[in-house]
Amino acid sequence: MTSNWITTRAWLLMLPLLIVMIAIIGWPLVDTVRLSFTDAKLVGTAGSFVGLDNYVKMLSGSNFQRTLVTTTLFAVLSVAAEMVIGVLAALLLNQQFYGRSVLRALMILPWALPTVVNATLWRLIYNPEYGALNAALTQIGLLDTYRSWLGEPGTALTALIVADCWKNFPLVALIALAALQAVPRDITAASMVDGAGAWARFRFVIMPYLAGPLMVALVLRTIEAFKVFDLIWVMTRGGPANSTRTLSILVYQEAFSFQRAGSGASLALIVTLLITILAVAYAALIRKSAGAS
Amino acid sequence: MSALELIDIRKRYGAIETLRGIDLSLASGEFLVLLGSSGCGKSTLLNIIAGLAEATEGDVRIGDRSVTGVHPKDRDIAMVFQSYALYPNMSVARNIGFGLEMRKVAAAERADAVHKTAKMLQIENLLERKPSELSGGQRQRVAIGRALVRDPQIFLFDEPLSNLDAKLRMEMRTELKRLHLMLGTTIVYVTHDQIEAMTLATRIAVMRDGQIEQLATPDEIYNRPATRYVASFVGSPPMNMLEATVAEGIAHIDGSLSGFALPADIREKAGQVRDVIIGIRPESLSLAPAGDAALGIDAMVEVVELTGPELVVTSTIGSQRLTASLPPKSTVTAGMAQRFAIDAGALHIFDKATGKRL
């Protein structure tokens, strides 16, 4: 069998997938690029060519800049918290104790739930009239009167970050746990004999095994957090006073709420570009760390 | 003062008892080998000494200090693992110096110690490399270096040579012996390899089912095995174990027509009538002319194998097997009857019921 035929066969086998991908991703993407150079509305006119106007308007607008800050804040804080909590949970679940496997299975539950369910659940917890958080905090005396956690610009974003953490730390924990189980027993034993305490053991002996897998988790979670939509849409719709409006929400509002397809498309492409930059940077990082070990 | 003392060490996992009362005391500078087949509890015992496992009962004393409940790092021990257990992300130099680093030894002093150790093990040229860039033998040296550099009271070795090929294993064995002679360190060494045990140890503890079957010098283990198990575990080819009956001081090997008179000292212990196992090392047998009056056994030669330095002859006495190691030039023919002479001093008689030496 010639290598020529092998190549041809590979392409033939991939062809159906390629067609589907071009149809549902490729073409819409191209059309979005086209739209972004027009002043088209969602309904009615097809719009006329306006050049880079949409991009200039969006990038220079204060809405975009404020939203970019909110999105970055959300992504950085929630991913950082998820990484820390996830690794701690994995370290705990890697210990020998009775009921460990049950706990391991339970831990995956938040991540396995659909985001909409998770978001609805947290909306109930944060409910200003009968929410569990208000009840708990007043009962232990930390709070005098019930608060509207999602209704106040000062607390809404934090409340969302907590909800996002609860949903996504299990993924990090799962990845970290798998990596921990790959650490040879002898190596940890050797480090104990060598005199490494718990922290030194984690830092010098276990961390090198965790670094690669955690990097993958970090990439996945950052990209997802950066384009977060459903959680926020269900819980706050970007409010109050746009304090939880992220880029994806802004794109939605521009294109669908305000029905400005042209500028909405340009905004969507800007977000896509930002995420691509993130992805490429992380891929380079992963290659570098893989090469180093 | 003893360097290490084990007092009635027991280890239970649920209903299963893997260590059933281990007592031993080790003088400073001794090289103790824990020898036994897999599952006999020797590695568990080593881990208990290291503090990596906790004994269910009993006490471990290192340098006259009870270390029960003491963290491994505070026991003043160093350990070499079967898998070497080098830190893959660290250079050889940092691997060796890690124990000192953790004990907050100053960098200059640490570098000094690492270099001295590396020189002793002839791995100075590897100090900047990562473990993944080393051969098995080199990794082994680094693992030993990591233990040596700390200069602890006791060195623990857990089957350190079993991942090496035969030639390298022999080299490292000699190397370990040289280091022990040079440094005079106290060592506890776990292995299932009887050659390692015989060549390295000042004393061997043969373990079986969580107990010490015999604790003695290699010479005594080989020449005066306390039990049938010890006798058959040490020696290659293994000792012949012939079922026999003793009556009135005459031993009759089952399946053999003739009997032979037991030496006087054994005759006394054997008493009147009893079933025994007669142990004869293959190398204590030699060829004898047929009908020779001296102590000997008649057997039918089945297979003759020349291994190089010796001729291994397998014969049968009734349904029992008899193996003899003879000089390579001996003239033996397969399928012929042959009389083998036995050195009277080399007879090992064990009680058949208890397996104990008479």
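From first to last, the protein sequence lines are chains C and L. Going left to right, the first sequence walks through residues 1 to 293 as the UniProt record's numbering numbers them. Going left to right, the second sequence walks through residues 1 to 358 as the UniProt record's numbering numbers them. We treat Cβ as the ideally placed atom computed from N, Cα and C, and that holds for glycine.
Determine the chain C residues that contact residue i at a beta-carbon separation under 8 Å, and present them in chain order.
i        : result
Lys73/L  : Met192, Val193, Asp194, Gly195, Ala196, Gly197
Gly249/L : Within 8 Å Cβ-Cβ: nothing; Gly249/L doesn't reach chain C, min ~55 Å.
Gly63/L  : Those do not exist, as Gly63/L stays about 16 Å from chain C at its closest Cβ, beyond 8 Å.
Strictly below 9 Å CB to CB, what residues from chain C border residue i?
i        : result
Arg139/L : Correct list: empty, because the minimum Cβ distance to chain C is about 12 Å.
On the CB-based measure, 16 or more other CB atoms within 10 Å of its CB, does residue i come out buried or exposed?
i        : result
Leu200/L : buried
Val246/L : buried
Ser293/C : With a pLDDT of 47 at Ser293/C, under the threshold of 50, the modelled position of this residue cannot be trusted; read the value that follows with caution. Ser293/C should be labelled exposed.
Gly36/L  : buried
Met79/L  : buried
Lys167/C : buried
Leu273/C : exposed
Lys119/L : exposed
Glu305/L : exposed
Lys11/L  : buried
Thr331/L : exposed
Ser263/C : buried
Arg281/L : buried
Met182/L : exposed
Gly69/L  : exposed
Leu322/L : buried
Tyr229/L : buried
Asp31/C  : exposed
Glu302/L : exposed
Ile317/L : buried
Ser315/L : buried
Arg260/C : buried
Asp298/L : buried
Please list the partners that residue i has in chain C, where partner means a Cβ-to-Cβ separation under 7 Å.
i       : result
Ser83/L : Pro184, Asp186
Gly99/L : Asp194, Gly195
Report the CB separation of residue i from residue j in whole angstroms; it is logged as a contact under 8 Å.
i        : j        : result
Gln153/L : Asp76/L  : 5 Å
Leu295/L : Ala341/L : 7 Å
Val92/L  : Val142/L : 5 Å
Leu73/C  : Leu160/C : 10 Å between Cβ atoms; not a contact.
Met102/L : Gly195/C : 4 Å
Ala89/C  : Ala119/C : At roughly 22 Å, the Cβ-Cβ gap does not stay under 8 Å, so Ala89/C and Ala119/C are not in contact.
Ala197/L : Ile204/L : 5 Å
Pro328/L : Leu311/L : 5 Å
Leu4/L   : Gly58/L  : The pair is not a contact, with the Cβ atoms about 13 Å apart (cut-off 8 Å).
Val234/L : Ile349/L : Rounded, the Cβ-Cβ distance is 17 Å, inconsistent with contact.
Arg150/L : Leu100/L : 7 Å
Gly249/L : Leu262/L : 6 Å
Ala225/C : Ala75/C  : 4 Å
Find the residues of chain L that neighbour residue i, judging by a C-beta separation of less than 9 Å, and give them in chain order.
i        : result
Ala189/C : Asn47, Ala50, Leu52, Pro72, Met79, Phe81, Ala85
Considering only heavy atoms of the ligand GDP, does any lie closer than 8 Å to the CB of residue i?
i        : result
Gln194/L : Absence of the ligand GDP from the depicted structure is noted, as is the absence of any ligand whatsoever, leaving it without description.
Give me the subset of the stretch 198-218 of chain C whose CB atoms are less than 8 Å from a CB atom of chain L, sorted by chain position. Ala200, Phe204, Val205, Pro208
Do the stretch 225-240 of chain C and the stretch 150-158 of chain C meet, that is, are 3 or more Cβ pairs less than 8 Å apart? yes
Given 8 Å as the limit, is there contact between the stretch 210-220 of chain C and the stretch 97-111 of chain L, that is, 3 or more CB pairs closer than that? no
For the stretch 102-113 of chain L, list every residue whose C-beta sits within 7 Å of some C-beta in chain C, in sequence order. Met102, Arg103
Residues of the stretch 170-187 of chain C with Cβ closer than 7 Å to any Cβ of chain L, in chain order: Pro184, Asp186, Ile187
I'd like to know if the stretch 78-92 of chain L and the stretch 129-148 of chain L are in contact, where contact means that at least 3 CB-CB pairs between them fall below 8 Å. yes
Cβ pair count under 8 Å reaching 3, the stretch 166-175 of chain L against the stretch 272-288 of chain C: no
Quick one: which residues of the stretch 29-51 of chain L get their C-beta closer than 9 Å to a C-beta of chain C? List them in chain order. Asn47, Ala50, Gly51
Please determine if the stretch 47-55 of chain C and the stretch 253-272 of chain C are in contact, where contact requires at least 3 C-beta pairs separated by less than 8 Å. As far as the Cβ criterion goes, the stretch 47-55 of chain C touches the stretch 253-272 of chain C, which means the pair count is three or higher.
Using 8 Å as the cut-off, can you tell me whether the stretch 123-136 of chain C makes contact with the stretch 187-195 of chain C, which would need three or more C-beta pairs spanning the two stretches below that distance? no
Inter-stretch contact (C-beta, 8 Å, three-pair minimum) for the stretch 167-178 of chain C and the stretch 79-89 of chain C: yes
Three or more beta-carbon pairs under 8 Å between the stretch 209-224 of chain L and the stretch 18-33 of chain L, yes or no? yes
Using 8 Å as the Cβ pair cut-off and three pairs as the minimum, do the stretch 121-128 of chain C and the stretch 38-51 of chain C touch? no
Whether or not the stretch 224-238 of chain C and the stretch 19-29 of chain C are in contact is what I'm after, with contact meaning three or more pairs of Cβ atoms, one per stretch, closer than 8 Å; do they touch? A contact is defined here as three or more CB-CB pairs under 8 Å, and the stretch 19-29 of chain C fails this definition with respect to the stretch 224-238 of chain C.
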